[in-house]
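Numbering (the UniProt record's numbering), first residue to last: 1 to 241.
We treat Cβ as the ideally placed atom computed from N, Cα and C, and that holds for glycine.
The structure appears below as structure tokens.
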Ligand SMILES: [Mg+2]
Ligand SMILES: [Zn+2]
């Protein structure tokens with residue numbers, strides 16, 4: 001029996017769009033966001049945006065309400081529930097943040113399907129401001145990967161997810177992603193693993209530009225319907241091997 005670990009990127013993979021950009025646009029932060037875009041790393045910029053919302057009197061609850069309206073394809077939600085029901089171990093590995101991801105999953109009744117969410121941590125401080133922090137503390141433990149932003153190396157996290165598995169059997173990963181940050185973990189996948197890049201997005205382009213570097217089998221998808229069909233097909237295939 002093979003353990004199947006399904007790892008989802010979040011923005012533009014699990015949800016159709018980008019949660020950070022959704023909040024920035026919907027909550028009227030576009031001008032300030034573009035002003036500061038070149039001066040701060042993305043992660044710090046989003047923390048700064050949350051400070052701005054707080055100064056405008058917006059609460060964490062207001063942000064949660066905004067996140068509930070983020071489009072999530074119903075077929076993607078169905079695929080997640082089916083994969084969970086089939087006994088897969090589902091995880092999220094995302095450069096968004098804990099608050100955004102948890103609020104969206106809760107709203108769609110998907111929280112219980114995931115055993116772990118690896119992302120930038122958050123908390124609401126005593127003044128009610130949402131704070132967003134880097135996943136890796138770059139001053140204490142630089143991850144040393146030149147492919148990834150300093151706050152998160154998804155490849156390093158993937159290695160850590162794989163490491164503690166006992167010798168009780170085979171383990172296959174199915175990794176779903178779209179962005180350039182998903183390329184590092186894709187290179188860590190083995191020939192018994194699968195990568196599902198979103199077609200015509202940066203990860204897909206990177207894989208195609210150097211096909212020999214990726215050991216995992218590649219199965220592209222374009223929308224929730226294809227994601228569901230291909231993911232469940234792969235799970236069935238691995239299960240019956
Ligand atoms: Mg993404
Ligand atoms: Zn990396």
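For residue 149, no pairing in a beta bridge is given by DSSP.
With respect to the C-alpha of residue 206, the residue from 191, 89 and 185 having the closest C-alpha is 185. Assigned with DSSP and collapsed to three states, residue 133 falls in coil, not helix or strand. Just measuring C-alpha positions, the residue of 222, 200 and 218 sitting nearest residue 192 is 218. For the set 213, 178, 194 and 5, the Cα lying nearest the Cα of residue 200 is the one of 178. Secondary structure in the region 43-113: the beta strand (DSSP E) runs of 3 residues or longer, each lying completely within the stretch, are 89-97 in chain order. About 6 Å separates the beta carbons of residue 83 and residue 231, which is inside the 8 Å limit, making them a contact pair. Pairing residue 91 with residue 7 gives a Cβ-Cβ distance under 7 Å. Relative to the Cα of residue 71, the nearest Cα in the group 229, 125, 151 and 26 belongs to 26. Here the C-alpha atom of residue 47 lies approximately 10 Å from the C-alpha atom of residue 134. By the Cβ neighbour-count rule, residue 74 is exposed, with fewer than 16 other Cβ atoms within 10 Å of its own. Non-local C-beta neighbours of residue 76 in its own chain, meaning closer than 6 Å and more than five positions away in sequence, comprise 224 and 227, ordered along the chain. The criterion of a C-beta distance shorter than 7 Å is not satisfied by residue 67 and residue 117. The criterion of a C-beta distance shorter than 7 Å is satisfied by residue 129 and residue 54. Distance from the Cα of residue 239 is smallest, within the candidate group 23, 215 and 169, for 169. Restricting attention to 236, 173 and 220, the CA atom closest to the CA of residue 194 is found in 173. When the five nearest sequence neighbours on each side are left out, the beta carbons in the same chain lying within less than 7 Å of the beta carbon of residue 115 are those of 89, 90 and 91, in order along the chain. Distance check between residue 17 and each of 233, 113, 121 and 101 places 101 closest, using alpha-carbon atoms only.
Counting only the Cα atoms, residue 108 lies some 30 Å from residue 31.
Classified as buried, residue 203 has 16 or more neighbouring CB atoms from the shown chains inside 10 Å of its CB. The closest heavy atom of ligand 2 lies 6 Å or more from the beta carbon of residue 206. Judged by DSSP in its simplified three-state form, residue 192 adopts coil rather than helix or strand.
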